[in-house]
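Colleague:
Residue numbers (this note's numbering): 57 to 192.
1. With a threshold of 6 Å on Cβ separation, who are the neighbours of residue 161 within its own chain once the five nearest residues in sequence on each side are excluded?
2. Ends of the beta strand (DSSP E) at residue 86?
3. Between which residues of its own chain and residue 186 is the CB-CB distance below 7 Å, once the five residues before and five after are set aside?
4. Leaving aside the five residues before and after residue 188 along the sequence, list all residues of the same chain whose C-beta is less than 7 Å from its C-beta, in chain order.
5. Considering only residues of the same chain and omitting the five flanking positions on each side of residue 172, which have a CB-CB separation below 7 Å?
6. Look at the alpha carbon of residue 168 and the alpha carbon of residue 96, and state the distance between them as a whole number of angstroms.
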């Protein structure tokens with residue numbers, strides 16, 4: 057899913073979101089440097105997440121949002137897939153930024169293998185790095 061009207065090559069700064077039921081990891085990255093950094097985890101559920109995410113949007117001023125969308129290992133969707141896609145639509149509606157979806161299979165496993173102190177934020181960082189690599 058891509059929402060918004062700017063051409064992809066005009067977008068430079070991205071906020072990545074790893075959506076969870078209780079925690080939502082955040083990372084920010086730059087297209088030019090092709091780098092991402094974890095910036096923390098939102099410990100809130102449902103609509104309570106939006107003001108906390110908005111605070112990060114105002115702080116980092118991203119051109120677009122990248123969300124991780126979970127799938128089963130065989131690529132099939134499950135209930136959290138639909139939940140993540142809905143969250144992406146809500147983000148676009150609230151903030152008017154383009155939203156890009158990234159298959160986030162194994163991002164948490166990779167973050168745990170790296171020994172991340174904040175697994176959710178590191179997962180968002182991994183999702184964003186994957187997205188930035190896809191822009192090459």
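Even for Gly, the Cβ is constructed at its ideal location relative to N, Cα and C.
Modeller: If we stick to the structure as given:
1. 127
2. 80-86
3. 158
4. 85, 87, 90, 92
5. Cβ within range, chain order: 178.
6. Spanning the two alpha carbons is a distance of roughly 15 Å.
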